[in-house]
Amino acid sequence: MRDFRDAKAMAQTLRETLNARSVSLTVSESLELVARIFGLADWNVLAARIRAAEQAGSGRSNEGSNKADAADQLRSRAKEIQLPRAVLDRYAGTYQFHSAVFTVTCDQDHLSGRLSGQSSAHYYAVGETEFVGRGIDVELRFALGADGMPTAVILRQHGNDHTMRRIDATVAQELQRAIETRMSARSANPGTASALRRLIESVASGQPNYGEMSADLAEATRKQLPRLQPGLSEMGPITSIDFLGVSAQGQDVYSVWHQGSAASHWHIALGSDGTIISAFVTPGP
12 MRDFRDAKAM
22 AQTLRETLNA
32 RSVSLTVSES
42 LELVARIFGL
52 ADWNVLAARI
62 RAAEQAGSGR
72 SNEGSNKADA
82 ADQLRSRAKE
92 IQLPRAVLDR
102 YAGTYQFHSA
112 VFTVTCDQDH
122 LSGRLSGQSS
132 AHYYAVGETE
142 FVGRGIDVEL
152 RFALGADGMP
162 TAVILRQHGN
172 DHTMRRIDAT
182 VAQELQRAIE
192 TRMSARSANP
202 GTASALRRLI
212 ESVASGQPNY
222 GEMSADLAEA
232 TRKQLPRLQP
242 GLSEMGPITS
252 IDFLGVSAQG
262 QDVYSVWHQG
272 SAASHWHIAL
282 GSDGTIISAF
292 VTPGP
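So the sequence shown is residues 12 to 296, counted in our numbering.
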């Protein structure tokens, strides 16, 4: 769920992880390291990239912009409320985010959510089924069944919705073990490299093949196309795609090299039917 726009949250995760291992890191040091991870010279360069991406987001259609503005206004007006512990307990459990696991726990008067390989974030109720994150631009909305128990949770981030169905603990453990096995073996899922090439080339041409994407990814691509298409088009034809490894969320990670030595890093995951269920790009070396 994270990309270069979440650099500050990533820096915090880095500090927490290293501090747990008795390695002290300042805020500025962690920001500089995250910038280097993305292949950039320093934090100032990465900060400029983040500002540029935010400004580029204004290139969306008027309809999409109006919807985003309405959501932002609703978020700013939302007031935290206290829900009974019994209500919060109902939402606790495991949910599937593509090939990874999103774990929700009840923590006193709020919920905590953690995606595989990431640190926990705190979410506070603003409605019976709606929660907002503290310090992060993430919202949760639980879908309830006839018995009042959640069947799924919809996570909203950067204006995009991701639906995660509820799964039991056994399925969650199997998903997590599968990720860890692939990470250890550095094993790419068959088809991800060719699917990534088709995705990049279609977006660069301005004509994405939405039929090859999940509904969530297709919606996100439509919103981001005005920003993505010019940048990918300018990078030129693909010359090579190099597999780097498997992320903590189970995506295959690639370096994509373009004509003129331009490069980008991509994370991609496929569904069992070959549909692209997750794909995002970060700055390359």
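Cβ coordinates follow ideal geometry from the N, Cα and C atoms, glycine included.
Neighbour-count burial assignment, residue i, 16 or more Cβ in a 10 Å radius
{"i": "E150", "result": "buried"}
{"i": "E185", "result": "exposed"}
{"i": "D253", "result": "exposed"}
{"i": "G282", "result": "exposed"}
{"i": "G319", "result": "Outside the modelled stretch of the chain, which goes from 12 to 296, sits residue 319, for which no answer is possible."}
{"i": "E141", "result": "buried"}
{"i": "D284", "result": "exposed"}
{"i": "E43", "result": "buried"}
{"i": "Q235", "result": "buried"}
{"i": "D158", "result": "exposed"}
{"i": "A183", "result": "buried"}
{"i": "D100", "result": "exposed"}
{"i": "R177", "result": "buried"}
{"i": "D120", "result": "exposed"}
{"i": "M21", "result": "buried"}
{"i": "M160", "result": "exposed"}
{"i": "S275", "result": "buried"}
{"i": "T181", "result": "exposed"}
{"i": "D17", "result": "buried"}
{"i": "T250", "result": "exposed"}
{"i": "A215", "result": "buried"}
{"i": "N73", "result": "The pLDDT assigned to N73 is 45, lower than 50, so where the model puts this residue is not dependable, and the model offers no usable value."}
CB-CB length for residue i against residue j, believed under 8 Å
{"i": "T203", "j": "I279", "result": "5 Å"}
{"i": "Q194", "j": "G256", "result": "Residue identity check: residue 194 is Met in the sequence provided, not Gln. The pair is a contact, with the Cβ atoms about 7 Å apart (cut-off 8 Å)."}
{"i": "R209", "j": "E230", "result": "No, R209 and E230 are not in contact; Cβ-Cβ is about 19 Å, not under 8 Å."}
{"i": "H169", "j": "S289", "result": "Actually they are not in contact, since the Cβ atoms of H169 and S289 sit about 14 Å apart, beyond 8 Å."}
{"i": "T286", "j": "S225", "result": "6 Å"}
{"i": "I300", "j": "V267", "result": "No statement about residue 300 is possible, as the shown extent of the chain runs from 12 to 296 and does not include it."}
{"i": "D227", "j": "T162", "result": "D227 to T162, Cβ: 16 Å. No contact."}
{"i": "Y265", "j": "L207", "result": "6 Å"}
{"i": "F113", "j": "Y106", "result": "5 Å"}
Bridge partners - residue i, DSSP secondary structure assignment
{"i": "Q107", "result": "V112, R176"}
{"i": "N171", "result": "Q168"}
{"i": "V137", "result": "The partner list for V137 (beta bridge, DSSP) is empty, contrary to what the question assumes."}
{"i": "R152", "result": "E141, I165"}
{"i": "G256", "result": "V264"}
{"i": "M21", "result": "Paired residue(s): none; M21 is not in a bridge."}
{"i": "S251", "result": "W268"}
{"i": "A290", "result": "I279"}
{"i": "A7", "result": "Given a span of 12 to 296 for the chain in the structure shown, any question on residue 7 remains unanswerable."}
{"i": "D118", "result": "H121"}
Short CB-CB distance (under 8 Å) between residue i and chain C
{"i": "L94", "result": "The question asks about chain C, but that chain is absent: this structure has only one protein chain."}
Boundaries of the beta strand (DSSP E) in which residue i is found, first to last residue
{"i": "D100", "result": "Here D100 belongs to no beta strand (DSSP E); instead the alpha helix (DSSP H) covers 96 to 102."}
{"i": "A280", "result": "274 to 281"}
{"i": "R125", "result": "121 to 126"}
Span of the alpha helix (DSSP H) around residue i
{"i": "R8", "result": "The structure shown does not extend to residue 8, since the chain is modelled only from 12 through 296, so no value can be given for it."}
{"i": "R209", "result": "203 to 216"}
The ligand COA heavy atom lying under 7 Å from the CB of residue i
{"i": "Q93", "result": "Of the ligands one can find in the structure shown there are none, so the ligand COA has no counterpart to examine."}
Problem set entry | Cβ contact (3+ pairs, closer than 8 Å) linking the segment 110 to 129 and the segment 253 to 263 | Yes, the segment 110 to 129 touches the segment 253 to 263.
Exercise. Looking at C-beta atoms only, is the number of pairs between the segment 233 to 247 and the segment 176 to 195 that lie closer than 8 Å three or more?
Worked result: No, the segment 233 to 247 does not touch the segment 176 to 195.
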